[in-house]
Amino acid sequence: MTHHQAAYDLLAETLTNQGIDVDAVKAALKRQVIETPSWGYANSGTRFKAFPWPGAATTTRQKLDDAAMVHKLTGIAGSVAVHIPWDVPEDNDYVAMCQYAEEQGIRIGAVNPNVFQDEIYRLGSLGNPDSGAQEQALDHLLECCAIMTKVKSNALSLWFADGTNYAGQDDLRQRKRRFEQHLSTVYKHLPAGGRMLLEYKFFEPAFYSTDIPDWGTAYAWCLKLGPQAQVLVDLGHHAQGVNIEQIVAFLLDEGRLGGFHFNNRKYADDDLIVGTTNPYELFLIYNELAAGEVSTDETVHSTAHNVAYMIDQSHNIEGKMEAMIYSVINCQEAYAKALLTPRQPIASAQAIGDVLGAHRLLSDTFRIDVRPLLAQVREEIGAPTDPVAAYRASGYEEQVRNARGKAATSGGYQ
Ligand code: RM4
Ligand code: MN
Ligand code: MN
């Protein structure tokens with residue numbers, strides 16, 4: 004008997020007495036998939052300094068190895084997002100890269116083009132006033148559509164650094180038109196069954212205007228593009244105080260919620276470990292999603308079941324692997340709590356205007372300690388009951404430190 008057993012038995016009994024189908028909850032938890040980002044395994048930093056982590060992945064295969072290890076320890080992270088050109092395979096063979104991932108027990112998820120790091124993109128990519136820059140960006144996006152087929156990906160995940168820094172710098176309406184025209188070309192090149200996930204962000208690196216500043220703009224363009232275009236919600240891309248769960252509810256209801264980039268923000272696009280200072284917000288977001296999964300409305304139901312759950316973080320001062328394992332676990336905890344929400348009693352309280360009755364039913368759910376339940380689920384799927392402890396005991400950190408060494412990093416003012 005493992006040490007979580009007594010706590011699990013008590014929790015299962017309590018939940019069952021409350022009318023919760025614990026087996027159904029466990030089944031949902033076993034189906035959960037969190038996609039980790041290849042770039043979260045590599046060194047990164049702030050504009051002041053990038054501190055290299057000993058053993059951090061530098062090659063694409065090392066990133067895939069790390070992602071596979073996170074999957075092995077958590078059992079629910081079997082997919083990894085790639086960023087092109089950061090993840091151009093060493094031999095340029097995407098089919099072999101996909102096979103390598105599969106041999107490690109994972110698959111390639113979203114393909115993320117990068118149209119923000121070349122010199123030519125100083126004034127933007129698709130929104131750039133120069134048609135040559137627009138063309139170069141478009142070519143790269145179309146190349147990424149072709150890469151999707153090679154790596155068996157069904158999602159093209161788009162984020163643009165485009166925008167302006169000064170009023171009058173460019174014509175805002177013209178920029179909108181350039182985006183609309185080029186996005187529709189990209190949409191037509193999506194492989195069959197492929198989705199376009201459109202990410203918004205209200206600032207950075209452009210600070211006066213951003214070409215896709217908010218979910219409303221992304222949503223409007225998805226509507227114009229077609230049903231395979233959906234909005235991607237990155238938790239770090241909102242202004243202070245924005246109610247993200249309400250955005251989630253709206254997009255779900257309209258069938259246009261495509262995916263998430265999970266991370267934790269306190270001030271800006273901080274890209275910290277998801278659920279570290281905002282666990283209640285994460286729970287409330289998952290609560291909308293779990294409600295959508297059991298909705299009788301066909302659009303809501305199928306949209307909720309197709310959401311791509313992805314992490315988008317950079318680990319600047321901490322080790323990459325433990326950070327990623329911890330991130331996956333935090334999403335798992337939030338989802339587990341959301342699955343326990345007593346929907347019927349809450350609906351009854353809402354119907355009679357019992358403001359605090361409804362609120363307490365929901366917030367009490369957040370306070371349930373689901374860790375014994377998750378330990379049980381892990382045991383049942385053959386994963387370690389405490390993935391972080393198992394990682395620390397695995398020797399992986401020492402192994403990669405010795406094999407890979409410490410890479411030279413750039414970053415900071417130069
Ligand atoms: C952006 C955005 C994108 C990510 C890049 C690295 O802020 O979140 O999704 O690809 O960072
Ligand atoms: Mn993102
Ligand atoms: Mn971001």
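Going by our numbering, the first residue of the sequence shown is number 4, and it counts up by one from there.
We put the beta carbon where it would ideally sit given N, CA and C, even for glycine.
None of these values were measured; they are calculated from a predicted model.
In the three-state reduction of the DSSP assignment, His240 falls in the coil class, being assigned neither a helical nor a strand state.
Of the candidates Thr280, Gln139, Val358, the residue whose Cα lies closest to the Cα of Gln120 is Gln139. Pairing Phe286 with Lys227 gives a Cβ-Cβ distance that is not under 7 Å. A straight line joining the alpha-carbon of Gly197 with that of Val73 spans about 26 Å.
In the three-state reduction of the DSSP assignment, Gly112 falls in the strand class, which pools E and B. Ser41 and Thr62 have their C-alpha atoms some 10 Å from each other. Judged by the Cβ position, Asp173 fails to qualify as a neighbour of ligand 1 at the 6 Å threshold, every heavy atom of the ligand being at least this far.
Assignment of Ile288 by DSSP, reduced to helix, strand and coil, places it in the helix class. Around ligand 2, the residues selected by a Cβ distance under 5 Å to any of its heavy atoms are Asp237, His264, Asp315, following chain order.
Of the candidates Ala71, Asn46, Phe51, Asn46 places its Cα closest to the Cα of Ala60.
Taking 6 Å as the cut-off, the C-beta of Asp272 counts as close to a heavy atom of ligand 1. When secondary structure is reduced to three states using DSSP, Ile123 falls in the helix class. Judged by the Cβ position, Gly261 fails to qualify as a neighbour of ligand 3 at the 6 Å threshold, every heavy atom of the ligand being at least this far.
A direct Cα-Cα distance of roughly 40 Å separates Ala271 from Thr17. Assignment of His86 by DSSP, reduced to helix, strand and coil, places it in the strand class. DSSP, reduced to helix, strand and coil, places Tyr169 outside both helices and strands of the structure shown, so it counts as coil. The distance from the Cβ of Val36 to that of Ile87 is about 22 Å, inconsistent with a contact at the 8 Å cut-off. The three-state secondary structure of Ser128, taken from DSSP, is coil. Measuring C-alpha to C-alpha distances from Tyr338 to each of Leu292, Arg363, Asp367 identifies Leu292 as the nearest.
When DSSP states are grouped into helix, strand and coil, Gln21 belongs to the coil group. With respect to Ile349, Leu364 sits close: the two C-beta atoms are nearer than 7 Å. Judged by beta-carbon spacing, Cys101 lies beyond the 7 Å limit of Ile109, meaning their Cβ atoms are not closer than that value. With contacts defined by Cβ atoms closer than 7 Å, Val114 and Val85 form a contacting pair. Inter-segment contact for the stretch 19-31 and the stretch 388-407 is absent: fewer than three beta-carbon pairs are separated by less than 8 Å. Leu376 and Glu336 have their C-alpha atoms spaced approximately 9 Å apart. Between Asn281 and Asn267, the gap from beta carbon to beta carbon is short of 7 Å.
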